[in-house]
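Heads up, the thing below is written out as structure tokens.
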Amino acid sequence: IKYGEVIKNSLKKEGMSAFFTVPKWGSRILMNAPVQGSLPWFYNNVLPLGEGTVLGAARWVVCSMSKGNQTAFDSADSNPGARSYS
Numbered sequence: 026i027k028y029g030e031v032i033k034n035s036l037k038k039e040g041m042s043a044f045f046t047v048p049k050w051g052s053r054i055l056m057n058a059p060v061q062g063s064l065p066w067f068y069n070n071v072l073p074l075g076e077g078t079v080l081g082a083a084r085w086v087v088c089s090m091s092k093g094n095q096t097a098f099d100s101a102d103s104n105p106g107a108r109s110y111s
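Those letters in the sequence shown? Residues 26 to 111, per the numbering used here, in order.
Next comes the structure, spelled out in structure tokens:
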């Protein structure tokens, strides 16, 4: 596909309306609006609710597999600025 030719022929045949019309613009905006509104809410409000449980399970798996060896989770405990997940 020669994209330059496609664009040139479309512009020659239909003008700017080949790419920009009120319905085309509106559908692009409306298709993105739900994602733009719901994804930040999901990541900021819903995911943190299960963060402690998931990290606790991950800590348990890592600790049970390492059988007493120091893990990445344990090294965070020695860092006073590290976030607590328990």
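Beta carbons are placed, not taken as given, at the ideal position from N, Cα and C, and that holds for glycine.
Note that the structure is a prediction, hence the values are computed from the model and not measured.
How many Å lie between residue i and residue j at the Cα?
{"i": "Pro-59", "j": "Gly-51", "result": "13 Å"}
{"i": "Ser-42", "j": "Gln-61", "result": "26 Å"}
{"i": "Ala-82", "j": "Met-90", "result": "12 Å"}
{"i": "Ile-54", "j": "Ile-26", "result": "27 Å"}
{"i": "Gly-77", "j": "Phe-44", "result": "47 Å"}
{"i": "Gly-40", "j": "Met-56", "result": "24 Å"}
{"i": "Lys-37", "j": "Lys-49", "result": "19 Å"}
{"i": "Val-87", "j": "Asn-70", "result": "27 Å"}
{"i": "Glu-30", "j": "Thr-46", "result": "21 Å"}
{"i": "Pro-73", "j": "Asn-34", "result": "51 Å"}
{"i": "Trp-85", "j": "Ser-63", "result": "32 Å"}
{"i": "Val-79", "j": "Tyr-68", "result": "15 Å"}
When every heavy atom of the ligand SAM is checked, does at least one fall within less than 7 Å of the C-beta of residue i?
{"i": "Gly-51", "result": "As presented, the structure is devoid of all ligands, the ligand SAM included, so that no description of it is given."}
Exercise for the section: Please go through the region 34-100 and give each complete alpha helix (DSSP H) segment of 4 or more residues, from N-terminal end onward. Expected result: 47-66 and 72-91
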